[in-house]
Amino acid sequence: MKTKAISSIFVLFAIAAGMASMAPAAFADHPEVVIGTVEGSGFAQDCAAMNGGSGCYTPTTATVDVGGVVTMINNDATGSPHSFTAGTIDGFAQSPSGIFDSGILMVDETLEWTATETGTIPYYCMLHVWMIGEIIVQEDSHAAAEAAAAEAAAAEAAAEEAAAAEAAEHEAMEHEEAEDVELMVMISDSQVMGGTQIELEFNVLHVNYDLTATQNGEVVFEETGLHSMTLIATHQIDAVGSDDNPINVKVESLGIGAPGNSDNWTGPVGQVTTAQVVPEFGTIAMMILAVAIISIVAVTAKSRVVPRF
Ligand SMILES: [Cu+2]
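Structure, rendered in structure tokens:
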């Protein structure tokens with residue numbers, strides 16, 4: 000049980016570690032980015048041709064993490080003023096989104112803008128309607144990794160807690176077990192119709208046992224693998240004991256638990272309780288003949304314990 004709990008922690012931890020190590024690979028790191036203006040972009044609409052076909056801003060498509068800083072600079076060496084205005088432009092119809100707007104930037108003037116949420120933000124230059132670009136804001140890879148790590152830590156903590164609970168439960172079971180192994184058998188008898196009725200009284204339910212009765216060295220009753228669902232079991236022996244010829248009854252415990260499920264039986268195995276039955280008056284003579292209290296240290300639930308005598 001304990002081993003299982005520990006191995007499940009390892010599995011969880013392995014999954015968590017895997018997730019944490021995979022996260023950075025899934026997202027490239029873009030804590031900050033600089034966007035410039037293409038030289039001469041203010042004079043000709045053909046920025047694409049001037050910039051190797053990639054647009055009028057450099058880069059035309061920029062990527063930044065949430066929380067990352069975008070520095071927009073008008074570094075057009077021709078000295079043209081430009082703007083970085085978030086929104087779209089269709090011909091001369093401008094639709095600023097308001098996410099950011101640098102206003103008119105003279106050469107070397109900048110706008111710093113911090114991305115706050117994921118998405119794609121188009122922008123344009125309000126002076127040169129052919130200048131358009133976009134900023135892709137993506138999830139912070141560090142934050143994602145941290146979130147994954149935090150999740151992993153939480154899972155690990157939960158697993159540990161579960162393991163602790165299981166261990167506690169296990170310990171509690173061991174205690175209970177240690178108390179339950181105190182098997183007591185009380186043997187009483189009565190003379191009935193030319194025979195003897197043996198009554199066994201147990202202190203626990205579901206005792207599995209062998210019962211043997213001998214008289215004068217001869218076996219008068221023998222049954223193995225008996226099971227007492229209740230606390231009392233009665234057996235009929237076809238013999239009558241006397242002072243000169245008593246019946247010796249022997250009860251040997253096999254374990255406590257459901258019949259046929261001996262792998263899960265607990266309690267003392269091989270504990271022997273004997274009684275010498277000498278009915279004199281035909282009434283029930285109660286005799287507590289053996290009360291064996293066996294203290295054991297149960298290592299696992301399946302351990303068989305052989306009591307000492
Ligand atoms: Cu411009």
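Everything in the sequence shown is counted per numbering that gives the first Met the number 0, starting at 0 for the first residue and increasing by one.
The C-beta atom is built at its ideal place from N, Cα and C for all residues, glycine as well.
- Per DSSP, reduced to three states, the secondary structure at residue 29 is coil, with no helix or strand assignment.
- Judged by their CB atoms, residue 46 and residue 81 are not nearer to each other than the 8 Å cut-off.
- In this structure, DSSP gives residue 141 a helical state, which the three-state scheme calls helix.
- Cβ-Cβ distances below 6 Å link residue 72 to 35, 109 in the same chain, with the five nearest sequence neighbours on each side left out; the list follows chain order.
- In the three-state DSSP reduction, residue 262 falls in the helix class (H, G or I).
- In this structure residue 223 does not touch residue 198 by the C-beta definition: roughly 19 Å separates them, more than the 8 Å allowed.
- Burial state of residue 130 is buried, judged by a 10 Å Cβ sphere holding 16 or more other Cβ atoms.
- Per the DSSP secondary-structure output, residue 220 pairs in a beta bridge with 212.
- Note on residue 158: 16 or more other CB atoms within 10 angstroms of its CB, so buried under the neighbour-count rule.
- Contact between residue 88 and residue 94 holds: CB atoms are separated by about 7 Å, below the 8 Å threshold.
- With a 10 Å radius around the Cβ and a threshold of 16 neighbouring Cβ atoms, residue 113 comes out exposed.
- Residue 221 has its alpha-carbon roughly 22 Å from the corresponding atom of residue 243.
- At least one heavy atom of ligand 1 sits closer than 7 Å to the Cβ of residue 126.
- For residue 111, the enclosing beta strand (DSSP E) stretches over residues 109–113.
- For residue 99, the enclosing beta strand (DSSP E) stretches over residues 92–100.
- For residue 159, the three-state secondary structure derived from DSSP is helix.
- Distance from residue 111 to residue 70 at the Cβ level is roughly 5 Å; contact confirmed, criterion being Cβ atoms closer than 8 Å.
- Distance from the Cα of residue 39 is smallest, within the candidate group 28, 29, 54, 102, for 54.
- With fewer than 16 other beta carbons inside 10 angstroms of its own, residue 263 counts as exposed.
- Within the DSSP bridge table, the entry for residue 206 names 227, 255 as partners.
- In the DSSP assignment, the residues bridged to residue 236 are 195.
- For residue 64, the enclosing beta strand (DSSP E) stretches over residues 60–64.
- For the pair residue 101 and residue 84, the CB atoms are nearer than the 8 Å cut-off.
- Counting other Cβ atoms within 10 Å of its Cβ, residue 204 stays below 16 and is therefore classed as exposed.
- With respect to the C-alpha of residue 269, the residue from 275, 250, 256, 260 having the closest C-alpha is 250.
- At least one heavy atom of ligand 1 is found less than 7 Å from the C-beta of residue 41.
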